[in-house]
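Residue numbers (this note's numbering), protein chains in the order written: chain S, 1 to 131; chain W, 132 to 212; chain D, 213 to 486; chain C, 487 to 979. Cβ atoms here follow ideal geometry from the backbone N, Cα and C, with glycine treated the same way.
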């Protein structure tokens, strides 16, 4: 029993990120409304960010900022005391990319609605085949 | 040991994600999506990635929701799925 | 469609789960991911750059080149929204409110307009402006939000935050102004031209810093070479370089967030919105 | 000078931003600024190519941090060739398409040039970089700028095509990002060369296998290989001419380049062909892609859309060649990157000229075009011959290498598919030629009886470059031996 529990604790973060990613991907492919698709896209991207942040986590480690007390007395910085800063850095970039895509996709949705008065994909397809 | 908090928040995150995708009112989706982002930000704070969490709080729960509501204001709340 | 989606999703999920089987435990400090490069960042950042926040140091210095393009991504999104939605045609109808009496006037002639001031006020067709309490609270809040945003930008290398977050907060304070009053107030205060210039200028500050480093004889974005140009102790020169770059990012992000909001909410006409 | 590698990417970037600034101050300046940037970039790329041929790969440390701590540029022969190609095509296209951009985009053109330059920056950066995550960021720049540009074409269909492109593009880029994450999990590094060293001997690792599949899948989606191609035709058809002229030759080829880079530099020949044995399956997939692209092209009524399906088919060529697992196939694939970029560029230049004059390019609209636009059609014919693979043009030689590679490996189905696809292309183009040549134009009937048709050519700037590029197809064909011997074979060694 304790083996199973420790396995779950060790891995559930990765499992749940996969589930979250599947939800996002499903929303992106199967949903009919364009804005819902955009939401699915964003969930998909945040799931990836969750994955990266999970990689960077270390147990019993602090946030990646040196306190002034450490720097003042020339204490040697131990790597195990701080979480991995690299993944955080990468994910800052990824968040920025995702918000840029989100904003632009919303603008596109507004533009499409202006033209076709609908955001449902099947209705759009019907309108297109009529023309 | 953060894992009990972590697992509770993760479960909430997944509920929010499913709810945001299945609600039939887009304004509700916007709010649920904001909640999702905020819970995600909480999760990352627990894991110590404060910068990422800060960004997500200001972007995901803040500006994204505003863009979302603005887009709904200009399109429609109605959706079939 | 749903069936296909379900199959694709399940296949992807299975692949990803298969990939995780050999992962080290979550939070294992000895996993390869936290040993190779990241240790260098943790142990040497303070020596190299004198910035206590590792993440900011990695973002703007070690991997500053990524961040430059990240800012460019944001800039592109803003420019894309502008190019896609901006509509320079004036709307034909105008609504005004006669302030002393509260009567709403509807002007159908596009050429005529009423003097907006003490007597007449703008009215939006689709959105009733919020009431006095909202306006007052937001008016009090906005300066503090902006000061906080500036703090976040300036203290990027000491505490969580940095140019991007500060820029977003500043941008959202402007958006709050537009929501609590109306869009015209914002557009009148901050001209579109100014926002456009800010957006490009912010990214240019970043790229220009890099080019300056080229001229000083270093590699692109090698802030260490800027020592003769900046005051202060030469140990801190990289931290100063980061600050300059963060300010650039902040300016660009602030402008772009506002541009995107204004264009989406008014369908590019910049007249009325939420 | 030491800083040429940085200049290749930074020059178009900074000039693009400056143009974005000057849009609000003095609109007329933005075009010359953008043009200068691309010119500087092209010159630096040629300089770098000469230096790489002379003295081997160049390494450039950004920010002065040595890899794997910082980001590095690593330029070898393959990189340098693709860099020259991208910057050259971008520069020529900006000159050639200036008038058409003004006509099509109107007063927004001056801000449009900023997006154009950022797009080129993205492509150049993707090509030059030696860092896996930097590659992702630059892929996103290319994607976001393409979404923006696609939406600016056709007012009705453009935005929808762009939104669909966003969905698929995001899936592709995210898969790639996930793949990088798995690689990072296994190695702890992001630098390509460093990762390659660290994953040596990881034959059985499920993490590396997943990373490999995800990266390649992501790039395939971005590249529009056959089952993932659905976004491409609409996105390229409804975009403005200036963009379709540059995206059709460059985007897919740069993605193919990334695939080859990942295969050779990061994962290594040994891992892909000796451990995984994926070669067979992928070559079959490529075969299907080649045939499917051709067949779908046959069904199209719009000339521009037909050409986009031919691109889908050409992607199959390159993927098949690269996955053949022998030197001949890889040589063919790399040579085809170069040749196909030129061929597609020439084709789209010609089509752009047609669009400039006759607006709609359904195949039935092309009646009597030989009389009306003889020079444009001359370029078009030359490019079409090259796509079909008629000997003196360059298209023949890369196909030749691909077929030789397929025969050496015994992949007869792929060789057959190549020949069938050539036949399909021949049928397609001769159908177009027939309409253009023999059927008289809609208002041509008054001219056809008395004397020759009125010539209404595109502007000189468009025509000259279109002609030059078409002629360069023959030149490239004649010198393809030189390209193979000085660039591709030394690279593969």
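Nearest-angstrom beta carbon gap, residue j and residue i [assumed within contact, 8 Å]
i: residue 110 of chain S; j: residue 202 of chain W; result: 6 Å
i: residue 718 of chain C; j: residue 797 of chain C; result: 7 Å
i: residue 647 of chain C; j: residue 736 of chain C; result: With a Cβ gap of about 19 Å, residue 647 of chain C and residue 736 of chain C do not count as contacting.
i: residue 535 of chain C; j: residue 567 of chain C; result: 7 Å
i: residue 409 of chain D; j: residue 459 of chain D; result: About 15 Å; that fails the 8 Å criterion.
i: residue 430 of chain C; j: residue 895 of chain C; result: With chain C covering only 487 through 979, there is no way to say anything about residue 430 of chain C.
i: residue 955 of chain C; j: residue 832 of chain C; result: 5 Å
i: residue 613 of chain C; j: residue 575 of chain C; result: That pair is no contact at about 12 Å.
i: residue 178 of chain W; j: residue 12 of chain S; result: Going by Cβ atoms, the distance from residue 178 of chain W to residue 12 of chain S rounds to 13 Å, so no, they are not a contact pair.
i: residue 429 of chain D; j: residue 550 of chain C; result: 11 Å between Cβ atoms; not a contact.
Nonlocal neighbours in the same chain, by C-beta distance under 6 Å from residue i, ignoring five residues either side
i: residue 496 of chain C; result: none
i: residue 932 of chain C; result: Any answer about residue 932 of chain C is weak, because its pLDDT of 46 lies below 50 and its placement is not dependable; what the coordinates show is given next. Hits under 6 Å: none found.
i: residue 597 of chain C; result: 509
i: residue 694 of chain C; result: 672, 685 and 688
i: residue 643 of chain C; result: 724
i: residue 877 of chain C; result: none
Amino acids of chain W, ordered along the chain, whose beta-carbon sits closer than 7 Å to that of residue i
i: residue 376 of chain D; result: 186
i: residue 12 of chain S; result: 138
Neighbourhood of residue i by C-beta distance below 8 Å, restricted to the same chain and skipping five residues each side
i: residue 678 of chain C; result: 560, 616, 617, 618, 747, 751 and 752
i: residue 449 of chain D; result: 435, 436, 438, 439 and 442
i: residue 548 of chain C; result: 492, 556, 557, 558 and 559
i: residue 472 of chain D; result: 289, 290 and 293
i: residue 700 of chain C; result: 661, 662, 664, 665 and 668
Residues near residue i by beta carbon distance below 7 Å, same chain, minus five either side
i: residue 937 of chain C; result: At residue 937 of chain C the pLDDT is 49, less than 50, meaning the model places this residue with poor confidence and gives no usable figure here.
i: residue 20 of chain S; result: 43, 47 and 50
i: residue 1019 of chain C; result: With chain C running from 487 to 979 in the structure shown, residue 1019 of chain C is simply not present.
i: residue 501 of chain C; result: 519, 520, 522, 523 and 603
i: residue 142 of chain W; result: none
i: residue 354 of chain D; result: 385, 388 and 389
Chain C residues whose Cβ lies nearer than 9 Å to that of residue i
i: residue 265 of chain D; result: Within chain C, no residue comes near residue 265 of chain D; the closest Cβ sits about 17 Å away, beyond 9 Å.
i: residue 28 of chain S; result: 653, 656 and 657
Beta-carbon neighbours of residue i, restricted to chain S and to distances below 7 Å
i: residue 151 of chain W; result: 39
Partner residues on chain W for residue i, Cβ-Cβ distance less than 9 Å
i: residue 25 of chain S; result: The contacting residues do not exist; residue 25 of chain S stays about 11 Å from chain W at best.
i: residue 479 of chain D; result: 205
Proximal chain D residues relative to residue i, where beta-carbon distance stays under 9 Å
i: residue 489 of chain C; result: 426, 431 and 432
i: residue 782 of chain C; result: Result: empty, since nearest Cβ-Cβ is about 19 Å, beyond 9 Å.
i: residue 22 of chain S; result: 221, 222, 224, 225 and 228
i: residue 88 of chain S; result: 266, 267, 270 and 271
Chain-ordered neighbours of residue i on chain D, where CB pairs are closer than 7 Å
i: residue 55 of chain S; result: 245
i: residue 507 of chain C; result: 409, 412, 413 and 416
Interface partners of residue i on chain C, CB under 7 Å
i: residue 52 of chain S; result: 667
Proximal residues of chain D, C-beta to C-beta of residue i below 8 Å
i: residue 82 of chain S; result: 254 and 266
Closer than 7 Å: residue i CB and nearest the ligand MN heavy atom
i: residue 957 of chain C; result: For the ligand MN, the structure offers nothing, since it holds no ligand at all.
Is the region 57-68 of chain S in contact with the region 81-98 of chain S, if contact means three or more CB pairs nearer than 8 Å? Verdict: yes, contact present.
Quick one: which residues of the region 175-205 of chain W get their C-beta closer than 8 Å to a C-beta of chain S? List them in chain order. Those residues of the region 175-205 of chain W that come within reach of chain S (Cβ to Cβ, closer than 8 Å) are 175, 178, 179, 180, 181, 182, 183, 186, 187, 190, 191, 194, 195, 198, 199, 201, 202, 203 and 205.
Meets three-Cβ-pair contact criterion under 8 Å: the region 412-431 of chain D and the region 244-255 of chain D: At 8 Å Cβ cutoff, the stretches do not touch.
Tell me which residues of the region 625-646 of chain C have at least one Cβ-Cβ distance to chain D shorter than 8 Å, keeping chain order. Listed by position along the chain: 626, 627, 630, 631, 633, 634, 637, 638 and 645.
So if I threshold CB-CB distances at 7 Å, which residues from the region 241-259 of chain D count as touching chain S? Hits within the stretch, in order: 241, 245, 246, 249, 250, 251, 253, 254, 255 and 258.
So, does the region 160-174 of chain W touch the region 186-199 of chain W, judging by three or more C-beta pairs under 8 Å? Contact holds between the region 160-174 of chain W and the region 186-199 of chain W, because three or more Cβ pairs, one in each stretch, are under 8 Å apart.
Within 8 Å, do at least three Cβ pairs link the region 804-812 of chain C to the region 948-955 of chain C? Output reads no: the region 804-812 of chain C does not touch the region 948-955 of chain C.
Any contact of the region 577-587 of chain C with the region 451-467 of chain D, i.e. 3+ C-beta pairs under 8 Å? Because the criterion of three Cβ pairs below 8 Å is not met, the region 577-587 of chain C and the region 451-467 of chain D do not touch.
At a CB distance below 8 Å, what residues from the region 536-562 of chain C approach chain D? Give them in sequence order. Within the region 536-562 of chain C, the qualifying residues are 546, 547, 548, 549, 550, 551, 554, 555, 556 and 557.
The region 88-97 of chain S contacting the region 276-289 of chain D, beta-carbon criterion three pairs below 8 Å: Yes, the region 88-97 of chain S touches the region 276-289 of chain D.
What residues from the region 101-114 of chain S come within 8 Å of chain D, judged by C-beta to C-beta, listed N to C? From the region 101-114 of chain S, only 101, 103, 104, 106, 107, 108, 110, 111 and 114 have a Cβ closer than 8 Å to chain D.
Using a Cβ cut-off of 7 Å, which residues of the region 461-477 of chain D contact any Cβ in chain S, in chain order? The residues in question are 472, 475 and 476.
Output needed in chain order: residues of the region 270-290 of chain D with a Cβ under 7 Å from some Cβ in chain C. Per Cβ criterion, the list reads 273, 274, 275, 276, 277, 278, 281, 282, 284, 285, 288 and 289.
Looking at C-beta atoms only, is the number of pairs between the region 900-910 of chain C and the region 769-787 of chain C that lie closer than 8 Å three or more? The region 900-910 of chain C is in contact with the region 769-787 of chain C.
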